[in-house]
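S.K.: As they're listed, the protein sequences go chains A and B. Throughout the first sequence, residue numbering follows the working numbering, covering 4 to 261 in sequence. Throughout the second sequence, residue numbering follows the working numbering, covering 4 to 261 in sequence.
Protein chains: 2
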Amino acid sequence: MQLGDINRQDGRPPSRQIADHLRSAIDRGDLLPGDRLPSEAELTRHYSVARMTARQAIQELRSEGRVVAEHGRGVFVRMPAPVRRLASDRFARKHREAGQAAFLAEAEKAGVHPAVDQIEIDRSAPPADVRERLRLAEDDQVAVRSRRYLADDRPIEVATSFLPLPLAEGTAIMEADTGPGGIYARLEDAGHVLDHFVEEVTARMPTADERRRLELADGVPVLVVVRTAYDTAGVPVEVCDTVKAAPAYVLEYDIPAR
Amino acid sequence: MQLGDINRQDGRPPSRQIADHLRSAIDRGDLLPGDRLPSEAELTRHYSVARMTARQAIQELRSEGRVVAEHGRGVFVRMPAPVRRLASDRFARKHREAGQAAFLAEAEKAGVHPAVDQIEIDRSAPPADVRERLRLAEDDQVAVRSRRYLADDRPIEVATSFLPLPLAEGTAIMEADTGPGGIYARLEDAGHVLDHFVEEVTARMPTADERRRLELADGVPVLVVVRTAYDTAGVPVEVCDTVKAAPAYVLEYDIPAR
DNA sequence: GAGTAGAGGACGTCTAGACGAGTTGCAACG
DNA sequence: CGTTGCAACTCGTCTAGACGTCCTCTACTC
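1. What are the residues of the segment 202–213 of chain A that lie near chain B, defined by any Cβ-Cβ distance shorter than 7 Å?
2. Kindly list the residues whose CB is nearer than 7 Å to the CB of ARG65(B), restricted to its own chain and excluding five residues on each side of it in sequence; keep chain order.
3. Closer than 8 Å by beta-carbon distance: list the chain A residues that pair up with VAL253(B), in chain order.
4. Looking only at its chain, what residues have a beta carbon closer than 7 Å to the beta carbon of ALA249(B), apart from the 5 residues adjacent to it on each side?
5. Do ARG261(B) and ARG261(A) have their C-beta atoms closer together than 7 Å?
6. Who does VAL305(B) pair with in a DSSP beta bridge?
7. Are PHE106(B) and PHE200(B) touching if we call contact CB-CB under 7 Å?
8. Any chance you could list the alpha helix (DSSP H) runs of at least 4 consecutive residues sitting entirely within the segment 187–212 of chain A, in chain order?
9. Do the segment 152–168 of chain A and the segment 239–257 of chain A touch if we need at least three Cβ pairs shorter than 8 Å?
10. Tell me which same chain residues have a C-beta within less than 6 Å of the C-beta of ALA175(B), skipping the five on either side of it?
11. Kindly give me the distance between the Cβ atoms of THR235(B) and VAL196(B), rounded to whole angstroms, as I take these residues to be in contact under 8 Å.
12. Just the Cα atoms here: how many angstroms apart are GLU213(B) and ASP30(B)?
13. What do you get for ASP244(B), buried or exposed, if any count of 16 or more other CB atoms within 10 angstroms of its CB means buried?
14. For the segment 106–131 of chain B, which residues have a CB atom closer than 9 Å to at least one CB atom of chain A, in sequence order?
15. Span of the alpha helix (DSSP H) holding GLN2(A)?
16. If the cut-off is 7 Å on Cβ atoms, which residues from the segment 53–69 of chain A count as contacting chain B, listed in chain order?
17. Between TYR256(A) and chain B, is any beta-carbon pair separated by less than 7 Å?
18. Quick one: which residues of the segment 129–161 of chain A get their C-beta closer than 7 Å to a C-beta of chain B? List them in chain order.
19. Do THR77(B) and ARG39(B) have their C-beta atoms within less than 7 Å of each other?
20. Quick one: is LEU46(A) buried, meaning 16 or more other Cβ sit within 10 Å of its Cβ, or exposed?
21. Looking at the unbroken alpha helix (DSSP H) that takes in VAL52(A), where does it start and where does it end?
22. Distance, Cα to Cα, LEU166(A) vs LEU137(A)?
23. Could you tell me which whole beta strand (DSSP E) segments of length 3 or greater appear in the segment 70–101 of chain A?
24. Of all the residues that make up the segment 168–200 of chain B, which are near chain A by a beta-carbon distance shorter than 9 Å?
25. Between which two residues does the beta strand (DSSP E) harbouring ILE258(A) extend?
26. Checking the sheet assignment: what are the DSSP bridge partners for PRO239(A)?
27. Under a three-way DSSP split, which group does PRO167(A) fall into?
28. Can you tell me which of SER164(B), VAL229(B), PRO16(B) puts its alpha carbon nearest to the alpha carbon of GLU63(B)?
29. Taking the straight line between their C-alpha atoms, what separation do you get for VAL80(A) and GLU135(A)?
30. For ALA84(B), return the contacting residues in chain A, with the cut-off set at a CB-CB distance below 9 Å.
31. Could you tell me which of GLU67(A), ILE9(A), ASP33(A), ALA90(A) sits nearest to ASP257(A), measuring between CA atoms?
32. Does VAL52(A) pass the burial test, meaning 16 or more other C-beta atoms within 10 Å, or should it be called exposed?
33. Contact defined as beta carbons within less than 8 Å: I believe GLU123(B) pairs with PRO117(B). What is the distance between those atoms, to the nearest angstrom?
34. Quick test of your reading: VAL133(A) and VAL242(A), contact by CB under 8 Å. State the CB separation rounded to the nearest angstrom.
35. Which residue comes first and which comes last in the alpha helix (DSSP H) that contains VAL223(A)?
36. VAL253(B): which of THR210(B), VAL204(B), VAL238(B), ARG215(B) sits nearest, CA to CA?
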């Protein structure tokens, strides 16, 4: 592998030059996903710098999410994550009537092994933003369903649904298994025919807790999608707050020009 | 400000404990946005650690995007960014007919000072993914319009539009000023009435170049939105590749339940 | 009073070394 | 032949110090 040398006259500090060398080796394809980078000791020798300087170069690539360090083994070029593409018609009624929860059906079709765990169901007071979206009064309670989605045993999303308690109480929504078609099918069973959803999409770095639950490496952001479901009467019936590992997703939306 | 002490018996390394102290001081509100953190020297004295240890704690918060270091001044709790909310009807014809480019009109209304700079217009062969989206042949050329958007003099987005060259050549699309209603109005002038758009949304860490153009601090991800515009004949007429500073945006989409 | 030079404080980067802990492969042992 | 234990290599963290650049404030000069 071609690494070049440091130019001490260059305005850029040595650690950045080393990072640039490694980055372009990756971009050129000299280092492929899964390949090990030169060890810190090798970089130290090759460039004649202190170990901390070599480490800082690697740190730069880590924070860009391009490489992953594994204690005792080495630093590796990040493997591209298998991507889930979320189409804009993923909540179409036809999928719901097919009789399987959205995630399981879709993943199975895409050839990955889906799973859901860490299912927790609760009743509590909603966070302020959820209360506002559901247009609830000060002391209204909500049903809270949280769960984690995995694809091929790798966690890719944590989701929390909030529903006005009167809508959920006494239905399978409060059970671990919500039955065929999931929450939305149960809402329609109860007469709340769904009309449309509004999704609000943002991205940020994960909190420490999210990094743990999603098993995220350094330098991996999350996509946050907050979806509000409205019935045909225009009443918001569910808010679903999802945090997704960003590299694992492409969200697709269809927008009419009207 | 209450900082506590390091517990050397604790399994967690000192640098992480210091980071936790600072993080909870921010969460508690002891440190408000814009406040200066204790300097490295102060942390070094308070915790009796080496300066590199204090630095590493700060580095952790930087990579989470919670604080911003300013050379010669100090480390500050990040100010919440002014947020642009992109509604799902932002490409509705009514806005176009109002006769102002989408971004300028909307920003002005939101009370921020908008600007566009770094406008570059070119003709070239398209990248592979763009060629595919526009359904072009191997050696077709495209018009390329790239520009940078600023709000209150802070860069928040860089965008590059690709159009089949025959559609753009000879129109104001190849001029710096595309005229009232922007690119989309010019396409409709030319008989390509717009029918719908498809947006693909992902998030990732910025490249070094993007970090510079968007003046992003460490630990700030970008939202990437690739929009394809289709005319009423179902022909893709434009691909717009946008890279947005994530903290500055909320994308909103309306999805019919169908 | 305005302008300027300098000191000091702040972060940026590097050096050289130490110990710890996870991983792996090989060699010796049973 | 299988197992075990150790050595070597890897990254993780910390220490203690150096020098550089940038920013701010103060005190001095004109």
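Backbone N, C-alpha and C define an ideal beta-carbon position, used for all residues, glycine too. Note that the coordinates shown come from a computational prediction; the quantities given were computed from them, not determined experimentally.
M.R.: A quick look at the data gives this:
1. Taking 7 Å as the cut-off between beta carbons, the residues of the segment 202–213 of chain A near chain B are GLU202, GLU203, VAL204, THR205, ALA206, ARG207, MET208, in sequence order.
2. Numbered from its first residue, the second sequence carries residue 65(B) at position 62. These residues qualify, in order along the chain: ALA72, ASP221, GLY222.
3. The sequence position of residue 253(B) within the second sequence is 250, counting from 1. GLU203, VAL204, THR205, listed in chain order.
4. Numbered from 1 along the second sequence, position 246 holds the residue referred to as residue 249(B). Once the five neighbours on either side are set aside, the close Cβ partners of ALA249(B) are ALA206, VAL223, PRO224, VAL225, LEU226.
5. For the purposes of this step, residue 261(B) is identified with residue 258 of the second sequence, where counting begins at 1. For the purposes of this step, residue 261(A) is identified with residue 258 of the first sequence, where counting begins at 1. No, Cβ-Cβ distance for ARG261(B) and ARG261(A) is not below 7 Å.
6. Residue 305(B) lies beyond the stretch modelled for chain B, which goes from 4 to 261, so this question has no answer here.
7. Numbered from its first residue, the second sequence carries residue 106(B) at position 103. Numbered from its first residue, the second sequence carries residue 200(B) at position 197. No Cβ-Cβ contact shorter than 7 Å links PHE106(B) with PHE200(B).
8. Whole alpha helix (DSSP H) segments, 4+ residues: zero.
9. Three or more Cβ pairs drawn from the segment 152–168 of chain A and the segment 239–257 of chain A lie within less than 8 Å of each other, which places the two stretches in contact.
10. Here residue 175(B) refers to the residue found at position 172 of the second sequence. Residues THR181, GLY182, ARG189 of the same chain have their beta carbon placed closer than 6 Å to that of ALA175(B), with the five preceding and five following residues left out of the count.
11. Taking the second sequence and counting its residues from 1, the one referred to as residue 235(B) is at position 232. Taking the second sequence and counting its residues from 1, the one referred to as residue 196(B) is at position 193. The Cβ separation is near 5 Å, so the contact holds.
12. As a first step, residue 213(B) is located in the second sequence; it is residue number 210 there, counting from the start. As a first step, residue 30(B) is located in the second sequence; it is residue number 27 there, counting from the start. If you draw a straight line from the Cα of GLU213(B) to the Cα of ASP30(B), it is about 30 Å long.
13. On the second sequence, residue 244(B) is found 241 positions in, with the first residue counted as 1. So ASP244(B) ends up on the buried side.
14. Listed by position along the chain: nothing, the set is empty.
15. No answer is possible for residue 2(A): it lies beyond the span of chain A, which begins at 4 and ends at 261.
16. Contact annotation: in the segment 53–69 of chain A, residues whose CB is within less than 7 Å of a CB in chain B are SER66, GLU67, GLY68.
17. Your numbering for residue 256(A) matches position 253 in the first sequence. It does: the Cβ of TYR256(A) has a partner Cβ on chain B nearer than 7 Å.
18. So the list is empty, because no residue satisfies the distance condition.
19. Numbered from its first residue, the second sequence carries residue 77(B) at position 74. Numbered from its first residue, the second sequence carries residue 39(B) at position 36. It is worth fixing the name first, because residue 77(B) is Gly in this sequence and not Thr. Contact: yes.
20. Start at 1 with the first residue of the first sequence, and residue 46(A) comes out as number 43. LEU46(A) is buried by the Cβ-count criterion.
21. For the purposes of this step, residue 52(A) is taken as the residue at position 49 of the first sequence. Where VAL52(A) is concerned, there is no enclosing alpha helix (DSSP H), given that its DSSP letter is neither H nor E.
22. Position 163 of the first sequence, counted from the start, is the residue given in the question as residue 166(A). Position 134 of the first sequence, counted from the start, is the residue given in the question as residue 137(A). So the alpha carbons of these two residues sit roughly 8 Å apart.
23. Correct list: 70–73, 77–80, 87–89.
24. Answer in chain order: TYR187, VAL196, LEU197, ASP198, HIS199, PHE200.
25. Taking the first residue of the first sequence as 1, we reach residue 258(A) at position 255. Element bounds for ILE258(A): 252–259.
26. Here residue 239(A) refers to the residue found at position 236 of the first sequence. By DSSP's assignment, PRO239(A) forms a beta bridge with TYR233(A).
27. If you number the first sequence from 1, residue 167(A) lands on position 164. Of the three classes helix, strand and coil, the one that applies to PRO167(A) here is strand, per DSSP.
28. Here residue 63(B) corresponds to residue number 60 of the second sequence, with the count starting at 1. Answer by Cα proximity: PRO16(B).
29. Taking the first sequence and counting its residues from 1, the one referred to as residue 80(A) is at position 77. Taking the first sequence and counting its residues from 1, the one referred to as residue 135(A) is at position 132. Computed Cα separation, rounded: 44 Å.
30. Indexing the second sequence from 1 puts residue 84(B) at position 81. What ALA84(B) touches in chain A: nothing, since even the nearest Cβ is about 11 Å away.
31. The sequence position of residue 257(A) within the first sequence is 254, counting from 1. Nearest C-alpha to ASP257(A): ALA90(A).
32. Start at 1 with the first residue of the first sequence, and residue 52(A) comes out as number 49. That one is buried.
33. The sequence position of residue 123(B) within the second sequence is 120, counting from 1. The sequence position of residue 117(B) within the second sequence is 114, counting from 1. That belief does not hold up - the Cβ atoms of GLU123(B) and PRO117(B) are roughly 19 Å apart, past 8 Å.
34. Here residue 133(A) corresponds to residue number 130 of the first sequence, with the count starting at 1. Here residue 242(A) corresponds to residue number 239 of the first sequence, with the count starting at 1. 5 Å between Cβ atoms; contact.
35. Working through the first sequence from its first residue, we reach residue 223(A) at position 220. Premise fails: VAL223(A) is in no alpha helix (DSSP H) and is neither H nor E.
36. On the second sequence, residue 253(B) is found 250 positions in, with the first residue counted as 1. Nearest of THR210(B), VAL204(B), VAL238(B), ARG215(B) to VAL253(B), Cα basis: VAL204(B).
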